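Take the sequence shown: its letters are residues 34 to 239, numbered as in the numbering used here.
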Amino acid sequence: MPDLVPRAEPPPRLSPDRWWRWRRGPLRRPGDLLLAWAGLLLGLLAAAAAPLTGYLVGAAVYEGTTDSARARLEGGEHTTAVVLRHVPRHPEPGSEEERETRYPAAVRYTAADGSVRTATTEVEPGLAAGERVRVWTDAAGEVVKPPPGEKEIRSRAVGAGISAGMGVPLLAWLVYAAGAGIVRRRRMEAWACEWERVAVRWTSRP
């Protein structure tokens, strides 16, 4: 038997009004307009400062890393080492990935003080035992990573620039959230004072 009672229509879905702080009305408070202007100014400032900050930080990291790598290259902090054990071959010989891949290998080298040492460093795939490679050492004669190449330097600079650029809108949001918290706290304090003033009309105190 069909249902004779009509089903109730679902309530209409109301979309939030994102511009209510900009509209005049008796319910708009001074703090609402203040937050609207603060959000607008901080948004514009973040949009303008984020790419500039990212570029400046990226350029500074690129220049600093390039100078550091050049100084290490010119400083002669490297020596020749002998591979002690066979290094595995790359599964894709001749590929771009093989040219960029490095495997850890045990090597023997002579430090600047004349002592013979062994260490583990990253070398090209497929090297046989007895082959010679260049390793980089620090002031104590310990093996360290080689200076970064152009590709790695660019990658570091881009990563630093992106991180710095993303930090600008995050900082703007934190400033806005802090300001909004202050406005809300003062609003609650004002409500408490107003309630203290008018509560005697409806409540009785012992």
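Ideal Cβ placement from N, Cα and C applies to all residues, glycine included.
Since we're looking at a predicted model, the values are computed, not measured.
| Rounded to whole angstroms, how far is the Cβ of residue 91 from the Cβ of residue 194, which I believe are closer than 8 Å? | In this structure residue 91 is in contact with residue 194, their Cβ atoms being roughly 3 Å apart against a cut-off of 8 Å.
| field | Cutoff 8 Å; reference residue 123; Cβ partners in own chain excluding five residues on either side | value | Result list for residue 123: 130, 131, 134, 158 and 159, in chain order.
| field | Same chain, Cβ closer than 7 Å to residue 156, neighbours up to 5 away in sequence not counted | value | Once the five neighbours on either side are set aside, the close Cβ partners of residue 156 are 116, 120, 135, 136, 138 and 166.
| query | Just to confirm, are residue 176 and residue 152 a CB contact at a threshold of 7 Å? | reply | Between residue 176 and residue 152, the C-beta gap is smaller than 7 Å, which places the two residues in contact.
| request: Assign residue 88 to one of two classes, buried (16 or more other C-beta atoms within 10 Å of its C-beta) or exposed (fewer than that). | output: That one is exposed.
| task | Would you kindly work out how many angstroms separate the C-alpha atoms of residue 93 and residue 81, rounded to a whole number? | result | Rounded to whole angstroms, residue 93 to residue 81 spans 19 Å at the Cα level.
| For residue 190, three-class secondary structure by DSSP | Here residue 190 sits in helix by DSSP.
| query | Do residue 201 and residue 83 have their C-beta atoms closer together than 7 Å? | reply | Cβ distance < 7 Å, so residue 201 and residue 83 count as in contact.
| request: Put residue 134 into one of helix, strand or coil per three-state DSSP. | output: Annotated three-state conformation of residue 134 is coil, per DSSP.
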